[in-house]
Every structure is written in structure tokens, then in C-alpha cells.
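*Asks:* Numbering (the working numbering), first residue to last: 73 to 173.
Note that beta-carbon positions come from the ideal geometry of N, C-alpha and C, so glycine has one too.
Mind having a look at this structure? Questions to follow.
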């Protein structure tokens, strides 16, 4: 779980965009003014509930991951002094940046 937190920090730090869950997390943290740990736990537990409802496999590791990922992401962001109000590039901005225009 610690590696997930650290990896999230390092791939979000350059502000080149985020994956679906991390994008949702960043948006909710900014809009709701809540801690990353609370928002991320809410996302992970919501996905866990949907998975259970759809008949997906759920083991102790799934439950531990759902409830602890937020804590470790929050810890990595805090240690790395991540700017919670950082603006990530959208797809158009990223393409423009990569093309050098």
C-alpha cells in the first residue's frame, strides 16, 4: 500500500494528467475541500461495494486495500508536499506541450 501511495505521488507530481480514479480524487479533494485520505477511501469503498454488487471476488486483501489506500496516498502527498490545488494538463494542453507548439 505504501508503494501505491508513493507511486501516485510521483506520477501526479508533474501535473501531466491523472488516471480515472486519481482524476476523480483530485477533483473531489478540490471541490469538497476534504483530505485526500477521506476522499480516496470513499472512492475505493464505493468501487468495492459496486464490485460486491456485481458478484466480483472480494477477499481480505480487497478490503484492506479499499480502506488503506487513501491513508498511504495522503501520507505520500504530505511527505512530498504535494500541492492539492495543482492544475493538471488536459489532453489538448498535453498534446500542445509535447509537440513543442
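What did DSSP end up calling residue 114 once you bin it into helix, strand or coil?
*Replies:* Against the chain shown, residue 114 aligns to sequence position 42. Helix at residue 114.
*Asks:* Does the distance from the C-beta atom of residue 76 to that of residue 144 stay below 8 Å?
*Replies:* The residue labelled residue 76 in the question sits at position 4 within the chain shown. The residue labelled residue 144 in the question sits at position 72 within the chain shown. Going by C-beta atoms, residue 76 is nearer than 8 Å to residue 144.
*Asks:* Under the three-state reduction of DSSP, which class applies to residue 158: helix, strand or coil?
*Replies:* Working through the chain shown from its first residue, we reach residue 158 at position 86. Correct three-state label for residue 158: coil.
*Asks:* Inspect the beta-carbon positions of residue 148 and residue 81 and report whether they are closer than 8 Å.
*Replies:* As a working mapping, residue 148 is identified with position 76 in the chain shown. As a working mapping, residue 81 is identified with position 9 in the chain shown. A contact, by the Cβ cut-off of 8 Å.
*Asks:* Ordered along the chain, which non-local residues of its own chain (more than five positions away) have a Cβ less than 6 Å from that of residue 152?
*Replies:* By 1-based counting over the chain shown, the position of residue 152 is 80. Excluding positions up to five away in sequence, the list reads 81.
*Asks:* What's the C-alpha gap between residue 130 and residue 168?
*Replies:* Stepping through the chain shown from its first residue, residue 130 is reached at position 58. Stepping through the chain shown from its first residue, residue 168 is reached at position 96. C-alpha separation (whole angstroms): 42 Å.
*Asks:* Which residue from 91, 132 and 79 puts its Cα closest to that of residue 174?
*Replies:* Within the shown structure, residues of the chain are numbered from 73 to 173, placing residue 174 beyond reach of any answer.
*Asks:* To which residues of the same chain is residue 120 closer than 8 Å at the C-beta, ignoring the five residues directly before and after it?
*Replies:* Here residue 120 refers to the residue found at position 48 of the chain shown. Within the same chain, residue 120 has close Cβ partners 130, 134, 135 and 138.
*Asks:* Under 8 Å, do residue 117 and residue 146 count as touching if we go by C-beta distance?
*Replies:* As a working note, residue 117 is residue 45 in the chain shown. As a working note, residue 146 is residue 74 in the chain shown. For residue 117 and residue 146, no; Cβs fall outside 8 Å.
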